[in-house]
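Before any comments, here is the structure.
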Amino acid sequence: MTEILIISHSKDIAEGTRALISQMAKDTVIQASGGMDGGIGTSVDQINDMLDQVQEDTICFYDIGSSKMNLEMAVEMYDGNHTLHISEAPIVEGSFLAAVENSVGTETTQILEKLQEMKK
Amino acid sequence: MNGDKLLEKMHGLKSVFDEKESELTGLDREIGDGDHGVNMKRGFSAVHEKVSGGTAPEVLKQTGMTLMSSIGGASGPLYGFSFVKMSDVAKEDIDKENLMEMLDVFADTVASKGKVEGGEKTMYDVISKSAELLKESGALKLDDLQALAQETEDMIATKGRAAYFKEQSKGTIDPGAQSAVYIIHALGEGME
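Each protein sequence line maps, in turn, to chains A and B.
Going letter by letter, the first sequence gives residues 1 to 120 in the UniProt record's numbering.
Going letter by letter, the second sequence gives residues 1 to 192 in the UniProt record's numbering.
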């Protein structure tokens, strides 16, 4: 199984995307976080907190600007036992596709291949 | 420079950024979103409060982790992550040669994570030339570092928020280049 991680500048985008894709893929583990200090932004800390909870290989999605940089830094500092992938696919469409593919048993590497086709 | 000396310098940056807050905010208001002064001040206040000591690599790592957690935007995480990466190469007693090595790591980290190269009006313009400056002049003097920041004044920004200002970004020193002057000056102080 593959887990999904979503990091957005906005809490509403993170939560909304999670709600949207959970409806289609109930068994997929989805972590989502967004916003900073009650406003817009992302922080390495909130990504680290999510990475601490990861139980399987995970595909991570980000939205704009510094969310990618923060995600890259957190992934580089990660010293857990699972493989983390950063997808360049759009956050809603990409995480949706990944969750649905995961729920029908598609392997992580194949999900990543499919995501490659929908780069930003 | 051992852990105690380095800690003193990191704590000392709090008063530097308290003093320079309005200068950095002024620069950032011209070509950015105006929060660089308050961000740097908040970051090093947190370092002053939370980083309590250890070996030099430990102090660097704690400083980096604290900066990453306390500053938003791009510059805070870039500075923070750079300190974490510098802690990987720092010795327990940092000498001049080791500092050059650290500055190279600083520059490489900002380049790779910030996706930036020289001449794009960023903190990288100061950081990337500071190792060379130390090698050539044997010191990291404030005037020499300031001259590097000054070079960004006539550059046109192509990265970060300032890029939206295009030609209009000319005529203002990049705020990140300016804050890099203070950080690198602190690292090099007393190493002559």
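Just so it is clear, CB atoms sit at the ideal spot from N, CA and C, and this is done for glycine as well.
Does DSSP classify residue i as helix, strand or coil?
{"i": "residue 85/A", "result": "strand"}
{"i": "residue 131/B", "result": "helix"}
{"i": "residue 121/A", "result": "The displayed coordinates of chain A run from 1 to 120. Any statement about residue 121/A would go beyond what the structure contains."}
{"i": "residue 52/B", "result": "coil"}
{"i": "residue 64/A", "result": "coil"}
{"i": "residue 120/B", "result": "coil"}
{"i": "residue 189/B", "result": "coil"}
{"i": "residue 15/B", "result": "helix"}
{"i": "residue 32/B", "result": "coil"}
{"i": "residue 24/B", "result": "helix"}
{"i": "residue 19/A", "result": "helix"}
{"i": "residue 58/A", "result": "strand"}
{"i": "residue 34/A", "result": "strand"}
{"i": "residue 10/A", "result": "coil"}
{"i": "residue 140/B", "result": "coil"}
{"i": "residue 94/B", "result": "coil"}
{"i": "residue 4/A", "result": "strand"}
{"i": "residue 65/B", "result": "helix"}
Distance, Cα to Cα, residue i vs residue j?
{"i": "residue 34/A", "j": "residue 78/A", "result": "19 Å"}
{"i": "residue 4/A", "j": "residue 76/A", "result": "18 Å"}
{"i": "residue 190/B", "j": "residue 3/B", "result": "14 Å"}
{"i": "residue 17/A", "j": "residue 54/A", "result": "19 Å"}
{"i": "residue 14/A", "j": "residue 137/B", "result": "50 Å"}
{"i": "residue 12/B", "j": "residue 91/A", "result": "41 Å"}
{"i": "residue 81/A", "j": "residue 1/B", "result": "36 Å"}
{"i": "residue 17/B", "j": "residue 29/A", "result": "43 Å"}
{"i": "residue 76/B", "j": "residue 68/B", "result": "6 Å"}
{"i": "residue 44/B", "j": "residue 103/A", "result": "46 Å"}
{"i": "residue 55/B", "j": "residue 5/B", "result": "10 Å"}
{"i": "residue 57/B", "j": "residue 32/B", "result": "33 Å"}
{"i": "residue 40/B", "j": "residue 174/B", "result": "14 Å"}
{"i": "residue 74/A", "j": "residue 149/B", "result": "29 Å"}
{"i": "residue 46/B", "j": "residue 10/B", "result": "11 Å"}
{"i": "residue 27/B", "j": "residue 172/B", "result": "7 Å"}
{"i": "residue 37/A", "j": "residue 67/A", "result": "15 Å"}
Measure the CB-CB distance between residue i and residue j and report whether it falls below 9 Å.
{"i": "residue 59/B", "j": "residue 51/B", "result": "yes"}
{"i": "residue 177/B", "j": "residue 165/B", "result": "no"}
{"i": "residue 8/A", "j": "residue 63/A", "result": "yes"}
Inset, instruction - Pair every Cβ in the stretch 86 to 99 of chain B with every Cβ in the stretch 56 to 69 of chain A, then say whether three or more of these pairs are closer than 8 Å. - result: no
Inset, instruction - Output, in sequence order along the chain, the residues in the stretch 80 to 93 of chain B whose CB is closer than 8 Å to any CB in chain C. - result: Of the chains in the structure shown, none is chain C; the protein chains are A and B.
Inset, instruction - Give a yes or no on contact between the stretch 113 to 130 of chain B and the stretch 107 to 117 of chain A, applying the rule of three or more CB pairs nearer than 8 Å. - result: no
Inset, instruction - Count the CB pairs spanning the stretch 176 to 192 of chain B and the stretch 115 to 128 of chain B that are closer than 8 Å, and state whether there are at least three. - result: yes
Inset, instruction - Report yes or no: do three or more beta-carbon pairs, one from the stretch 95 to 105 of chain A and one from the stretch 34 to 52 of chain A, lie closer than 8 Å? - result: no
Inset, instruction - Could you tell me whether the stretch 99 to 110 of chain B touches the stretch 80 to 88 of chain B, where touching means 3 or more Cβ pairs closer than 8 Å? - result: yes
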